[in-house]
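Trainee: Residues in the sequence shown are numbered from 1 upward in steps of one, following my numbering.
Even glycine gets a Cβ: it sits at the ideal position worked out from N, Cα and C.
Structure in C-alpha cells, see below.
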Amino acid sequence: MSNGIIYSVVVPLYNEELVIEESYKRLKSVMDSTNGKYEILFVNDGSRDATRNKTENICRLDKNIKLINFSRNFGHQAAITAGMNQAIGDAVIVIDADLQDPPEAIIDMISKWKEGYDVVYGKRVKRVGETFFKKFTSTAYYRLLKSMTSIDIPVDTGDFRLIDRKVCDALNSMPEKNRYIRGLVSWIGYKQTFVEFVRKERFAGETKYSLKKMFTLAFDGITSFSYKPLIFAGYFGAFTGLIGIVLLIGTIVTSIIDKSAILNLGLILSISLMMFGLMFCFMAIMGQYIARISEESKNRPLYIVANTVSYNELKNSVTFKGNRSPEIYDLKITSKGEAIGN
Ligand code: UDP
Ligand code: MG
Numbered sequence: 001m002s003n004g005i006i007y008s009v010v011v012p013l014y015n016e017e018l019v020i021e022e023s024y025k026r027l028k029s030v031m032d033s034t035n036g037k038y039e040i041l042f043v044n045d046g047s048r049d050a051t052r053n054k055t056e057n058i059c060r061l062d063k064n065i066k067l068i069n070f071s072r073n074f075g076h077q078a079a080i081t082a083g084m085n086q087a088i089g090d091a092v093i094v095i096d097a098d099l100q101d102p103p104e105a106i107i108d109m110i111s112k113w114k115e116g117y118d119v120v121y122g123k124r125v126k127r128v129g130e131t132f133f134k135k136f137t138s139t140a141y142y143r144l145l146k147s148m149t150s151i152d153i154p155v156d157t158g159d160f161r162l163i164d165r166k167v168c169d170a171l172n173s174m175p176e177k178n179r180y181i182r183g184l185v186s187w188i189g190y191k192q193t194f195v196e197f198v199r200k201e202r203f204a205g206e207t208k209y210s211l212k213k214m215f216t217l218a219f220d221g222i223t224s225f226s227y228k229p230l231i232f233a234g235y236f237g238a239f240t241g242l243i244g245i246v247l248l249i250g251t252i253v254t255s256i257i258d259k260s261a262i263l264n265l266g267l268i269l270s271i272s273l274m275m276f277g278l279m280f281c282f283m284a285i286m287g288q289y290i291a292r293i294s295e296e297s298k299n300r301p302l303y304i305v306a307n308t309v310s311y312n313e314l315k316n317s318v319t320f321k322g323n324r325s326p327e328i329y330d331l332k333i334t335s336k337g338e339a340i341g342n
C-alpha cells in the first residue's frame, strides 16, 4: 500500500550528528522539487551520539520523515535493508547521509526511472577528498570482483541508486543475511542504467566504515557472487603438488647417483613455511564461506528495530511502536512549534 507515496528515500545513519540536519535540508529541497509525494526513512543504525535526538526533532516537524531506530549497530547493509523493508513508495532511493552522494543527482535518477528504467545507479566518475588508500582499494576491489563473477556488477558504484518497486520487492524477498546489496540488485536484472556524479568529500565527520567493516563487505561481495577463490585454491594445490612430485623424483635420482649430495635444509624449510602459510590462507578463505553458511543457517534476523518514530506518532505524542527510552522523548516545543531536545 503506497498511500499515494511515489518516492521513498532511505538514508542509513551511524553517528551522523554533524551531518543529519544539513542532509535533511538538502534532501528535502530536492524531494520537494519533484512535486511527488515522498517519504524519507532515516535508519539509525545504533548511533551513540546525538543522531537519534536530532532526527527525532526533524520527525517532529516534518510529516514526510520516519525514523527507524535499531537496537544496536547492525551495519550499513542491514540499515539499507530495513529502510527497503519499510519503504512504501513506487520508487526507492538509497543515499548516504554524509552528502558524498549529491542529493541533486536524484532528479536525474527520477528522469531515467520515468523513461522506463527499473534501476538507476550512481556511477562515480571522480572521487574528491578521499584518501589514496580508499580510492586505490576501492578501484582495485571493484575490478577484482568484476573479473570473478559472471553477473555484471558495475564498477565504481556504491549503494546510491534508485530502484523500482518491483526491484525492491524482489530484494525484500531475498532472505540472505550477508547482503551485498549492489550485487543483489545486479543479480535481479530488469532494465538498468546509470547517472554519473562526482563523489564529494564528507560534509562533516569521519568515515563510519572501519577497515574491518570494509573487509567484511568486500568478502560478502566475493563470497556471495563467486566461488573462484576456492577454485583457484584447488588449481594452486594441484600445481604445487605436481612440482612436489617432480622434486621428489629428482631428489631420489640425485641421491642414487651421488650419495654425497646434501639436502639444502634452509631451502626446504623456507619452501615448507611458504606452503604452510598459503595453506592457512586458503583455509581462511574456505572459512569465510563456511562462516557465512553458518550465519545463514542460524536464521537470526538481520536487524532488530528498537522503535520507529514518525510525525503522526509524535503528534499523538504517546503511540510509539516498540520501546521508549525516557531521556529521548523529553522534548520541549517552543511557541513557534520548534522542538528542542534537552
Ligand atoms: N553507516 C551505517 N552503519 C555503519 C556504517 C555506516 O548506517 O555501521 C552509514 C553512514 O552513516 C553513512 C553510510 O552508511 O550514511 C556510508 O558510510 P560512510 O559515509 O562512513 O562510508 P564511506 O563513504 O566512507 O565509505
Ligand atoms: Mg561516505
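By DSSP, does residue 188 sit in helix, in strand, or in coil?
Mentor: Here residue 188 refers to the residue found at position 188 when the sequence shown is read from its first residue. Three-state DSSP puts residue 188 in a helix.
Trainee: Could you tell me the boundaries of the alpha helix (DSSP H) in which residue 282 lies?
Mentor: For the purposes of this step, residue 282 is taken as residue 282 along the sequence shown, with counting starting at 1. Element bounds for residue 282: 265 to 298.
Trainee: By Cβ distance, which residues of its chain are closer than 6 angstroms to residue 163, with the 5 residues on each side in sequence left out?
Mentor: Along the sequence shown, one-based indexing puts residue 163 at 163. Contacts found: 92, 119.
Trainee: Quick check on this structure: which residue in 299, 50, 42, 103 has the alpha carbon closest to the alpha carbon of residue 81?
Mentor: Indexing the sequence shown from 1 puts residue 81 at position 81. Here the closest residue by C-alpha is 42.
Trainee: How big is the Cα-Cα spacing for residue 171 and residue 205?
Mentor: Within the sequence shown, residue 171 is the residue found at index 171, counting from 1. Within the sequence shown, residue 205 is the residue found at index 205, counting from 1. Distance between the alpha carbons of residue 171 and residue 205: 31 angstroms.
Trainee: Per DSSP, residue 194 forms a beta bridge with which residues?
Mentor: Position 194 of the sequence shown, counting from 1, holds the residue named residue 194. In the DSSP output, where bridge partners are listed per residue, residue 194 has 121.
Trainee: Of all the options 17, 130, 9, 290, which has the alpha carbon lying nearest to the alpha carbon of residue 159?
Mentor: Residue numbering aside, residue 159 sits at position 159 when the sequence shown is read from its first letter. It is 9 whose Cα lies nearest to the Cα of residue 159.
Trainee: How should residue 128 be labelled, buried or exposed, when 16 other C-beta atoms within 10 angstroms of its C-beta is the threshold for buried?
Mentor: In the sequence shown, residue 128 corresponds to position 128, counting from 1. Result: exposed.
Trainee: Between the beta-carbon of residue 56 and the beta-carbon of residue 309, is there less than 8 angstroms?
Mentor: Here residue 56 refers to the residue found at position 56 of the sequence shown. Here residue 309 refers to the residue found at position 309 of the sequence shown. Yes. Within cutoff.
Trainee: Rounded to the nearest angstrom, what separates residue 274 and residue 285 at their Cα positions?
Mentor: In the sequence shown, residue 274 corresponds to position 274, counting from 1. In the sequence shown, residue 285 corresponds to position 285, counting from 1. Those two C-alpha atoms are separated by around 17 angstroms.
Trainee: So, are the CB atoms of residue 104 and residue 30 less than 8 angstroms apart?
Mentor: Locating residue 104 in the sequence shown gives position 104, counting from the first residue. Locating residue 30 in the sequence shown gives position 30, counting from the first residue. Their beta carbons are under 8 angstroms apart, which means residue 104 touches residue 30 by this criterion.
Trainee: Is it buried or exposed, residue 186, if we count other Cβ atoms within 10 angstroms and call 16 or more buried?
Mentor: Against the sequence shown, residue 186 aligns to sequence position 186. Burial call: buried.
Trainee: Quick one: what's got a C-beta closer than 6 angstroms to residue 121's C-beta in the same chain, skipping five residues either side?
Mentor: Within the sequence shown, residue 121 is the residue found at index 121, counting from 1. Around residue 121: 157, 161, 194.
Trainee: Tell whether a beta-carbon distance below 8 angstroms holds between residue 117 and residue 191.
Mentor: On the sequence shown, position 117 is the one that residue 117 refers to. On the sequence shown, position 191 is the one that residue 191 refers to. In contact: residue 117 and residue 191 (Cβ atoms closer than 8 angstroms).
Trainee: Using only alpha-carbon positions, find the residue among 240, 269, 208, 305 that is nearest to residue 19.
Mentor: Locating residue 19 in the sequence shown gives position 19, where the first residue counts as 1. Answer by Cα proximity: 208.
Trainee: Could you tell me whether any non-hydrogen atom of the ligand MG is closer than 7 angstroms to the CB of residue 118?
Mentor: As a position in the sequence shown, residue 118 is number 118, starting the count at 1. No, the beta carbon of residue 118 sits no closer than 7 angstroms to any heavy atom of the ligand MG.
Trainee: Excluding the 5 residues flanking residue 58 on each side, which residues of the same chain have their C-beta closer than 6 angstroms to its C-beta?
Mentor: Counting from 1 along the sequence shown, the entry for residue 58 is found at position 58. Closer than 6 angstroms at Cβ, skipping near neighbours: 24, 65.
Trainee: By Cβ distance, which residues of its chain are closer than 6 angstroms to residue 316, with the 5 residues on each side in sequence left out?
Mentor: Working through the sequence shown from its first residue, we reach residue 316 at position 316. Because the pLDDT at residue 316 is just 48, under 50, the model does not fix this residue reliably, and the point stays unresolved.
Trainee: To the nearest whole angstrom, what separates the beta carbons of residue 137 and residue 225, a pair I think is in contact under 8 angstroms?
Mentor: Along the sequence shown, one-based indexing puts residue 137 at 137. Along the sequence shown, one-based indexing puts residue 225 at 225. Not confirmed; about 18 angstroms, so no contact.
Trainee: Starting from the N-terminal side, write out each stretch of the alpha helix (DSSP H) that is 4 residues or longer and does not extend beyond the region 165 to 243.
Mentor: Counting only runs of 4 or more, we get 165 to 172, 181 to 188, 211 to 225.
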